[in-house]
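Report on the structure given below.
Residue numbers (full-length UniProt numbering): 1 to 297.
Right, dumping it as structure tokens:
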């Protein structure tokens, strides 16, 4: 019979590599925090969060880092940490400095418990502790209780809530390189497009609308597209407000054309820009008929 003490000998290189990574992160984070004079005052909260993650299980790596290097995740009085499951971190093959960046990409200097995340629309952008890198809510379904950030499911919401600090568990790491842009949504009724090759771009828009559940509007847009291309051949970017599937697709052709055009803006607007444009009038493809943002989005 195999010696039980040797049955998991192959784990040793993994533990050694992770120990070296944790040591590097702890040392570099402490040095930078001292040099920047930015040590937060929430060490007690970090300790409590670390304890909560250990008690839950599956997040021991993040728990350890919260305890020995809280500065890695905290930059002020508010913080939300998206803890990556240990199994997902163990599968990463990246140098320690990249691991440090990745972990800071999973923290935002805002208090966002699940209750607040459910209030945010798809496309909502969150700052991280990595310069010029944001997290984006790509799915938000309060009915099923699911939220996806950068296309990764928040699998264990509200693992820790205390003061202005929230910790959620996620199935895997967020992709820093292929991160969605602010205003993006894979199910949103707002579609923003920059057109370089107009014919190709419009076909792509029709496909996106159809594949994301806005079949009626996709059919309507496709049926009036020739007229739009003839009259708006210099159109370089658009914002489309796609309504849910309805019976307007059966409307007479002239009326359908006006309905579709009324839902298209000849300019790019991200969700954030629209949210800041309260009570503004936005020009549509129907001359003389503007859309007005009546209140907060």
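Yeah, the Cβ is synthetic: ideal placement off N, Cα and C, and Gly gets one too. In this text, all values refer to a predicted model and were calculated from it rather than measured experimentally.
**Report entry** Where the beta strand (DSSP E) through residue 283 begins and ends
**Finding:** Stepping through the chain shown from its first residue, residue 283 is reached at position 283. Residues 281 to 283.
Report task. Find the nearest neighbour of residue 74 within the set 159, 166, 95 and 119, judged by alpha-carbon distance. Result -> Start at 1 with the first residue of the chain shown, and residue 74 comes out as number 74. Comparing C-alpha distances from residue 74 to each of 159, 166, 95 and 119 shows the shortest one belongs to 166.
Query raised in the report: To the nearest angstrom, how far is it from the Cα of residue 285 to the Cα of residue 122?
Result: Within the chain shown, the letter at position 285 stands for residue 285. Within the chain shown, the letter at position 122 stands for residue 122. Rounded to the nearest whole angstrom, the CA to CA distance from residue 285 to residue 122 is 25 Å.
**Report entry** Cutoff 7 Å; reference residue 283; Cβ partners in own chain excluding five residues on either side
**Finding:** Position 283 of the chain shown holds residue 283. Only 265, 266 and 290 meet the Cβ criterion.
Query - Minimum C-alpha distance to residue 201 - residue among 221, 262 and 213 - result: Counted from its first residue, the chain shown places residue 201 at position 201. Looking at the Cα atoms, 221 is the closest of the given residues.
Requested in this report: For residue 71, count neighbouring Cβ atoms within 10 angstroms of its own Cβ and tell me buried if that reaches 16, exposed if not.
Outcome: Within the chain shown, residue 71 is the residue found at index 71, counting from 1. Buried: at least 16 other Cβ atoms inside 10 Å.
Query raised in the report: Is it true that the CB of residue 106 sits closer than 7 Å to the CB of residue 82?
Result: As a working mapping, residue 82 is identified with position 82 in the chain shown. As a working mapping, residue 106 is identified with position 106 in the chain shown. Result yes, Cβ atoms of residue 82 and residue 106 sit closer than 7 Å.
Query raised in the report: When you compare only the Cα positions, how much space is there between residue 273 and residue 132?
Result: As a position in the chain shown, residue 273 is number 273, starting the count at 1. As a position in the chain shown, residue 132 is number 132, starting the count at 1. Distance between the alpha carbons of residue 273 and residue 132: 18 Å.
Query raised in the report: Which class does residue 275 belong to by DSSP, given the choice of helix, strand or coil?
Result: Position 275 of the chain shown, counted from the start, is the residue given in the question as residue 275. Assignment of residue 275 by DSSP, reduced to helix, strand and coil, places it in the helix class.
**Report entry** Best match in 242, 108 and 229 for proximity to residue 215 [C-alpha to C-alpha]
**Finding:** Taking the chain shown and counting its residues from 1, one reaches residue 215 at position 215. Comparing Cα-Cα distances from residue 215 to each of 242, 108 and 229, the minimum goes to 242.
Report task. Would you list, in sequence order, the uninterrupted alpha helix (DSSP H) runs of no fewer than 4 residues that lie entirely inside the UniProt domain "FAS1" (46 to 178)? Result -> Runs of the alpha helix (DSSP H) lying entirely within the UniProt domain "FAS1" (46 to 178), each at least 4 residues long, are 60 to 68, 86 to 90, 96 to 104 and 114 to 117 in chain order.
Query raised in the report: Is the stretch 47 to 57 touching the stretch 129 to 145, taking contact as three or more C-beta pairs under 8 Å?
Result: No, the stretch 47 to 57 is not in contact with the stretch 129 to 145.
Requested in this report: Please list, in chain order, all residues of the same chain as residue 153 whose beta carbon is under 8 Å from its beta carbon, the five residues on each side excluded.
Outcome: For the purposes of this step, residue 153 is taken as residue 153 along the chain shown, with counting starting at 1. Cβ contact annotation for residue 153 (same chain, cutoff 8 Å, sequence separation greater than five): 146, 147, 170 and 171, in chain order.
Query raised in the report: What residues in its chain sit with their C-beta under 8 Å from that of residue 150, if we drop five residues either side in the sequence?
Result: Along the chain shown, read from residue 1 onward, the residue named residue 150 stands at position 150. Closer than 8 Å at Cβ, skipping near neighbours: 135, 136, 138, 174, 175, 179 and 180.
**Report entry** 6 Å Cβ shell around residue 254 - same chain, five flanking residues per side excluded
**Finding:** Looking up residue 254 in the chain shown gives position 254. Take residue 254, set aside five residues on each side of it, and no residue of its chain has a beta-carbon closer than 6 Å to its own.
Requested in this report: Can you grab the Cα-Cα spacing for the pair residue 109 / residue 278, in whole Å?
Outcome: As a working note, residue 109 is residue 109 in the chain shown. As a working note, residue 278 is residue 278 in the chain shown. Their backbone Cα atoms lie some 26 Å apart in a straight line.
Requested in this report: Following the continuous alpha helix (DSSP H) through residue 225, name the residue where it begins and the one where it ends.
Outcome: For the purposes of this step, residue 225 is identified with residue 225 of the chain shown, where counting begins at 1. 215 to 231 is the extent of the alpha helix (DSSP H) around residue 225.
**Report entry** Same chain only: Cβ atoms within 6 Å of residue 281, ignoring 5 sequence neighbours per side
**Finding:** For this step, residue 281 is matched to residue 281 along the chain shown. Excluding sequence positions up to five before and after residue 281, its CB lies within less than 6 Å of the CB of 290 and 292, all in the same chain and listed in chain order.
Query - Where residue 235 falls: helix, strand or coil (DSSP) - result: Along the chain shown, read from residue 1 onward, the residue named residue 235 stands at position 235. DSSP, read as helix, strand or coil, puts residue 235 in coil.
**Report entry** Cβ shell of residue 89 (< 6 Å), same chain only, five flanking positions each side left out
**Finding:** Taking the first residue of the chain shown as 1, we reach residue 89 at position 89. So the qualifying residues of the chain are 61.
Report task. With DSSP collapsed to three states, give me the class of residue 240. Result -> Your numbering for residue 240 matches position 240 in the chain shown. When DSSP states are grouped into helix, strand and coil, residue 240 belongs to the strand group.
Query raised in the report: Whose C-beta lies closer than 7 Å to the C-beta of residue 45 among residues of the same chain, with five residues either side of it excluded?
Result: As a working note, residue 45 is residue 45 in the chain shown. Annotation for residue 45: 162, 163 and 165 place their beta carbon closer than 7 Å to its own, counting only its chain and skipping 5 residues before and after.
Requested in this report: Note the first and the last residue of the continuous alpha helix (DSSP H) segment covering residue 266.
Outcome: The residue labelled residue 266 in the question sits at position 266 within the chain shown. It is not in any alpha helix (DSSP H) - residue 266 carries neither H nor E in the DSSP assignment.
Query raised in the report: For residue 258, which residues from the same chain have a beta carbon less than 7 Å from its beta carbon, with the 5 sequence-adjacent residues on both sides left out?
Result: Counting from 1 along the chain shown, the entry for residue 258 is found at position 258. Apart from sequence neighbours up to five positions away, the residues of its chain that approach residue 258 with a beta-carbon distance below 7 Å are 286, ordered along the chain.
Query - Beta-carbon separation (whole angstroms), residue 128 vs residue 104, contact threshold 8 Å - result: Indexing the chain shown from 1 puts residue 128 at position 128. Indexing the chain shown from 1 puts residue 104 at position 104. So it is a contact: roughly 7 Å between Cβ atoms.
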